[in-house]
Each structure stands twice: as structure tokens, then as C-alpha cells.
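Engineer:
In my numbering, the protein residues as written are 5 to 441.
1) Going straight from the alpha carbon of residue 108 to that of residue 276, what length do you get?
2) Using a Cβ-Cβ cut-off of 7 Å (strictly less than) and excluding sequence neighbours within five positions of residue 173, which residues of its own chain qualify?
3) Taking the alpha-carbon of residue 188 as reference, which of 346, 164 and 155 has the nearest alpha-carbon?
4) Would you call the CB atoms of residue 229 and residue 243 closer than 8 Å?
5) Round the Cβ separation of residue 2 and residue 213 to the nearest angstrom and send it over; I've been treating them as touching at under 8 Å.
6) For residue 345, which residues does DSSP report across the bridge?
7) When you compare each of 181, 300 and 280 to residue 241 by their alpha carbons, which one comes out closest?
8) Which term fits residue 251, buried or exposed, when burial requires 16 or more other beta carbons within 10 angstroms of its beta carbon?
9) Within the same chain, show all residues whose beta-carbon is closer than 7 Å to that of residue 179, passing over the 5 residues directly before and after it, in chain order.
10) Using the beta-carbon count (16 or more within 10 Å), is residue 222 buried or exposed?
11) On the three-pair Cβ rule with 8 Å, is the region 335-345 touching the region 81-88?
12) Hey, residue 317 and residue 305 are a contact pair by Cβ (cut 8 Å); roughly how many whole angstroms apart?
13) Work out the CA separation of residue 298 and residue 71 for me, nearest whole Å.
14) Give the secondary structure of residue 208 by DSSP, where H, G and I count as helix, E and B as strand, and everything else as coil.
15) By alpha-carbon positions, which one of 101, 81 and 50 ends up nearest to residue 257?
16) What residues in its chain sit with their C-beta under 6 Å from that of residue 141, if we drop five residues either side in the sequence?
17) Count the other CB atoms, across all protein chains shown, that sit within 10 Å of the CB of residue 127; report buried if there are 16 or more and exposed otherwise.
18) For residue 118, which residues of its own chain have a beta-carbon under 7 Å away from its beta-carbon, when the five flanking residues on both sides are left out?
19) Considering Cα atoms alone, identify which of 313, 112 and 320 is closest to residue 338.
20) How would you label residue 57, buried or exposed, when you count the other beta carbons within 10 angstroms and need 16 or more for buried?
21) Straight-line CA distance for residue 270 to residue 205?
22) If you draw a straight line from the alpha carbon of residue 218 to that of residue 194, how long is it in whole angstroms?
23) In the DSSP assignment, the beta strand (DSSP E) including residue 173 goes from what residue to what residue?
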């Protein structure tokens, strides 16, 4: 038999080295997290939707309120990150929107046929599209109406009806003065007829109209341009057909085609239809003025998000002293409920330029992301000090085992280790192995 000895000191050294090794550090945020952040930032961001209400003695339909709203809306057109939503547009019924979408679909089919040179086949599509546009003018964009009439002129030129083509182009230029022929959008063969229409337009006289609404105070647009609050007289319009759009919170958006004559001033009176969907909005608006100016949006202001589905709202109070306006205006983010900006502005309704920078000043330095910045995270705690191996419970457990084992071995020391000197203890583990016999 051969005896093999395993010395316990090797085990103790291994445990000592393990105790002195510092714990591994946690991995820092690597390229994966930064890449995901970059990907998120690279996504196309949607425009922030905003609407506005200005109050004169608690009312939003006063001429001053309409004029300031129009000035703000014009200013917001220069900000590519914002989209102004008129309350009357946001509250349109689903049925009306579906009818308008169907008319636009006809226009798209007509454009496809024109691009293929199938002018005769495109004619009925354009005729039907324009008929449906007239029925749903309140929800038809002026660019779509312009496109439909331009394509109609192209079709007339393509089917050798040049006089009709020129007449149609004159009709377009009457309400879209300054329009330029785009050869990338329309066949170049119609360009000479368009130039002829421009020459004829220069000889057309101008006239005026009067627009009245019931109730009064509605914002009146002619050919897509805000002209003020009703009743009003609009001068300098070319003789021919134009398009009027009327908006008043609480009433259905209205639009119609009207004619301007040279020899007399025509008066147009429109009865606005009350909108059932605006009941909730009107109730909220009555409670809004007392909340304007607070650091946090009150219940009435917050309710506007649920009704209009917008991200932000501009609210203001106007003190109108004979046309001299003192405006206290606040910008609220309805996603966070926080007031983002508050300022005071003076101007005159008769001088639109005095209100031109309202949007710029209101949004200067404003964060459009719509969330509250969290405080920076606290620094990580320092790593705990490395404790000596002598403070580890398992070390003393091993020591106890060693001591106990030594005492047991000591009892057999005379037999197992006669060469050990008196007064000392030798600790061996002896494993019996086969010698190969």
C-alpha cells in the first residue's frame, strides 16, 4: 500500500486568494443603449398640435379675439414643428369627413389618368370630384380644389378645347392670384393657355362684397385668407368666383362659393348651424378664463385636451380699449398640464404687424417634447471596503474544522507520526490508495 498526503495549507491559500479578489464591476451602458437612443432620436417626430382661444369679457367671438387668433395662426405657419388645429375642424363629424375623403379619392384617380395621357377618361372623374367638392367645401382643402380645376383645364386643352381651358385657368387665378404654372405637376402642353389666362386676368376689374353671419362675430375667410370677424366688407376682389369659409366655435364650419360683381356690392348673409358636438367644449370654455395664468392647468383647461385632442393650447385675455389691445397670453402643454410661457403684448387690431411676432415670442425657448425633465440620477454609492478574510464567517468555520481535526489526529499521533517532536501537532490527511499490487 502507498500513502498519499494532501496538505490542508493549499486549501487555505486558495480561499485567501478568493477573499482578496475585488468583486467584478457592473458593465456600463454600452453601444447598444446609445444606438437605441440614436435610433429613437432619428425617428420622424410628429408635429405638436396647438389651438387657441382669446377672451374679451369672457367671449371668444369679439372682433379683437378673432383678429388676435388669426395673427397667431399666421405666425405658427413659420414653425415646422407645430400644427394649428382650428376647433371647428377638429369637431367635424365622421360622415362629413368620409364624404370629403371620397371626393379627394376621385381627384387622385383623375390625376393618374392625366399622367397617362388619358384625358377623355379623366374628364368624368374630374366633373364628379368638383361636384362633390362643392357639396363638402367646408372640409375640402383649397389646394385640392385648385388641383382639380387645374387638371380640368389640362384635360380641356388635351381634348382640343382651348377656349374652355383658358376660361378654367382664369377661374383658378381669380381666387388663387399669383399661382405659377408647375410643369412638373401639369403637362407642359397646357402652359401657353395658362399664360393667356394670366394676360386676361390683368384686365379684369375688381369689386367688393359684404358678409354677414348669424350669429355675428364669426371669423370670415375669403380664398383661404382670414379677413376678420363678421359683419365686414371685403374690397379689392377680382370680379368672378371666390370661396368664403366661416368659422365660429360652437357652430359647424361653413363654406360656399360666391361671386363678385363690378358694378355693385353684393351682400351675403349666412345662418350658421349650431354643432351638437360643441356643447362640451362650450361648457369648458365658460370655466377657462379664471384659470388663465395659473402655473398649472386647471380642470377646465385640461378638459380641452379630451375634447379637441390637441397637445397644447394658447389662452389669452384681451383688454380692448378702442382698438388698442392689451393681451395677457399663456401657453399650456396639455400633456403635462404645465404653463410653458406667459407674456403680455400690446398692439392695435388695425395694425396687423404689431401682432405679427406673437407666435415667435410665445414659443421662443419653449421645449416642445411634452414631458417633465427628471432630476439627474444620484451618483452610484462607493463600493464597500474590502473586509479582511479574518472577518469572514466561513474562514472561522474552516479554522474550527482544522482545530477539531487536529485534536482528533493528536490522539493518534504516536501511531501515525512517531517522528513528531514533543509539544507540536502535525495535521495530515491520509488517503489509502492501491499500490498496484
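Positions of the beta carbon are idealized from the N, C-alpha and C atoms, including for glycine.
Structural biologist: Result, derived from the coordinates:
1) The straight-line gap from Cα to Cα measures roughly 25 Å.
2) 157, 197, 198 and 201
3) 155
4) no
5) Nothing about residue 2 can be read from this structure; the chain reaches only from 5 to 441.
6) 335
7) 181
8) buried
9) 227, 245, 246 and 247
10) buried
11) no
12) 7 Å
13) Looking at the backbone, the Cα of residue 71 and that of residue 298 are separated by about 25 Å.
14) coil
15) Looking at the Cα atoms, 101 is the closest of the given residues.
16) Closer than 6 Å at the Cβ level, and outside the excluded window around residue 141, lie 259.
17) buried
18) 126, 155, 158 and 159
19) 313
20) buried
21) 21 Å
22) Each residue's alpha carbon lies about 43 Å from the other.
23) Note, residue 173: premise wrong, no beta strand (DSSP E); alpha helix (DSSP H) at 166-179.
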